[in-house]
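>
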Amino acid sequence: MADRLIVKGAREHNLRSVDLDLPRDALIVFTGLSGSGKSSLAFDTIFAEGQRRYVESLSAYARQFLGQMDKPDVDFIEGLSPAVSIDQKSTNRNPRSTVGTITEVYDYLRLLYARAGTPHCPVCGERIARQTPQQIVDQVLAMPEGTRFQVLARWCAPARVSSSTCSRSSTRRATAGCGSTV
653 MADRLIVKGA REHNLRSVDL DLPRDALIVF TGLSGSGKSS LAFDTIFAEG
703 QRRYVESLSA YARQFLGQMD KPDVDFIEGL SPAVSIDQKS TNRNPRSTVG
753 TITEVYDYLR LLYARAGTPH CPVCGERIAR QTPQQIVDQV LAMPEGTRFQ
803 VLARWCAPAR VSSSTCSRSS TRRATAGCGS TV
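Letter by letter, the sequence shown follows residues 653 to 834 of our numbering.
So this is what it looks like as structure tokens:
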């Protein structure tokens with residue numbers, strides 16, 4: 653993929669055959685007077701074409717639910733990645749909002765990383781892998797006598813403790829220290 657974003661002949665709304673050569677992997681700011689075409693260039697041309705190309709890459713089955721997207725009035729765009737746009741007048745004024753939560757991509761990324769990612773211990777960086785009960789027993793028996801270790805397991809007395817309390821307490825105990833493969 654090119655290291656530049658090249659736009660030739662952008663004529664969306666009030667743009668008049670605008671040509672641009674922009675660096676990729678950089679923060680780019682469009683400034684100008686009201687009505688000068690900043691939003692037409694950023695949202696209606698570059699973002700719209702990035703979104704259109706992304707939708708075209710989906711299966712025909714997925715595209716039937718999204719509808720047809722019009723091609724922006726532009727001669728040529730090269731070096732364009734899938735794009736995410738944040739509305740200029742976002743009504744969400746929560747100070748804890750991030751780009752991920754505002755664009756609603758956060759939930760999809762969490763799902764992607766949970767399904768396709770490989771978990772690692774946040775403290776020591778060791779890969780966390782599923783083990784059979786026999787593998788755990790073998791590792792414990794291989795430890796020198798007197799070695800201290802911690803066994804973590806979910807446990808609740810259903811009649812006395814609510815499931816939400818059980819989840820909170822087991823999470824708190826599991827994250828209190830560095831996890832190991834045992």
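Just so it is clear, CB atoms sit at the ideal spot from N, CA and C, and this is done for glycine as well.
Helix, strand or coil, according to DSSP, for Gly752 in the structure here?
Residue mapping note: residue 752 aligns to position 100 of the sequence shown, counting from 1. In the structure shown, Gly752 sits in a helix (DSSP, three-state: H, G or I).
> Looking at the strands, I want to know which residues DSSP matches up with Ala662.
The residue you call residue 662 lines up with position 10 of the sequence shown. In DSSP, Ala662 forms a bridge with Val670.
> Expressed to the nearest angstrom, what Euclidean distance is found between the alpha-carbon atoms of Gly829 and Val736?
Numbered from its first residue, the sequence shown carries residue 829 at position 177. Numbered from its first residue, the sequence shown carries residue 736 at position 84. Reliability of the predicted coordinates at Gly829 is poor, the pLDDT of 47 falling under 50, and no value is obtained from them.
> Can the beta-carbon of Asp727 be found less than 8 Å from the beta-carbon of Lys660?
Taking the first residue of the sequence shown as 1, we reach residue 727 at position 75. Taking the first residue of the sequence shown as 1, we reach residue 660 at position 8. Going by C-beta atoms, Asp727 is nearer than 8 Å to Lys660.
> Taking Cβ positions, are Phe801 and Val792 nearer each other than 8 Å?
Position 149 of the sequence shown holds residue 801. Position 140 of the sequence shown holds residue 792. Going by C-beta atoms, Phe801 is nearer than 8 Å to Val792.
> Could you check where the alpha helix (DSSP H) with Phe728 kicks off and where it finishes?
Translated into positions along the sequence shown, residue 728 becomes position 76. Taken as a continuous stretch (DSSP letters only), Phe728 belongs to no alpha helix (DSSP H), being part of the beta strand (DSSP E) at Phe728 to Glu730.
> Does Ala662 pass the burial test, meaning 16 or more other C-beta atoms within 10 Å, or should it be called exposed?
The residue labelled residue 662 in the question sits at position 10 within the sequence shown. So Ala662 counts as buried.
> Please classify Glu756 as buried or exposed, where buried requires at least 16 other C-beta atoms within 10 Å of its C-beta.
To locate residue 756, count along the sequence shown from 1; it is residue 104. The residue in question, Glu756, is exposed, as its Cβ has fewer than 16 Cβ neighbours within 10 Å.
> Please name the residue, chosen from Ile698, Ala766, Phe717 and Ser749, that lies closest to Asp673 on a Cα-to-Cα basis.
Stepping through the sequence shown from its first residue, residue 673 is reached at position 21. Comparing Cα-Cα distances from Asp673 to each of Ile698, Ala766, Phe717 and Ser749, the minimum goes to Ile698.
> For Pro771, which residues in the same chain have their Cβ closer than 8 Å to its Cβ, ignoring the five residues on either side in sequence?
Position 119 of the sequence shown, counted from the first residue, corresponds to residue 771. The answer, listed in chain order, is Arg779 and Ile780.
> How long is the line joining the alpha carbons of Ser709 and Lys690, rounded to whole angstroms?
Indexing the sequence shown from 1 puts residue 709 at position 57. Indexing the sequence shown from 1 puts residue 690 at position 38. Answer to the nearest angstrom: the Cα atoms are 27 Å apart.
> Out of Gly702, Arg705 and Arg668, which has the shortest C-alpha to C-alpha gap to Ser688?
The residue given as residue 688 occupies position 36 in the sequence shown. Closest by alpha carbon: Arg668.
> So what's Pro871 in DSSP terms, helix, strand or just coil?
This structure gives no information on residue 871, because the portion of the chain shown stretches from 653 to 834.
> In the structure shown, what three-state DSSP assignment does Asp655 receive?
Counting from one through the sequence shown, the residue named residue 655 turns up at place 3. It is coil, neither helix nor strand.
> To the nearest angstrom, how far is it from the Cα of Asp696 to the Cα of Arg762?
Translated into the one-based positions of the sequence shown, residue 696 becomes position 44. Translated into the one-based positions of the sequence shown, residue 762 becomes position 110. For Asp696 and Arg762, the distance between alpha carbons rounds to 29 Å.
> List the whole-angstrom C-beta distance separating Ala654 from Glu730, where the pair is believed to meet the contact cut-off of C-beta under 8 Å.
By 1-based counting over the sequence shown, the position of residue 654 is 2. By 1-based counting over the sequence shown, the position of residue 730 is 78. With 8 Å as the limit, Ala654 and Glu730 qualify as a contact, their Cβ atoms being about 6 Å apart.
> Apply the 10 Å Cβ neighbour rule to Glu664 and answer buried if 16 or more other Cβ atoms are within range, or exposed otherwise.
Residue 664 sits at position 12 when you count from the first residue of the sequence shown. It counts as buried.
> Return the residue from the list Asp677, Thr784, Leu693 and Ala678 that minimises the CA-CA distance to Asn666.
Taking the sequence shown and counting its residues from 1, the one referred to as residue 666 is at position 14. Ranking the options by Cα distance to Asn666, first place goes to Leu693.
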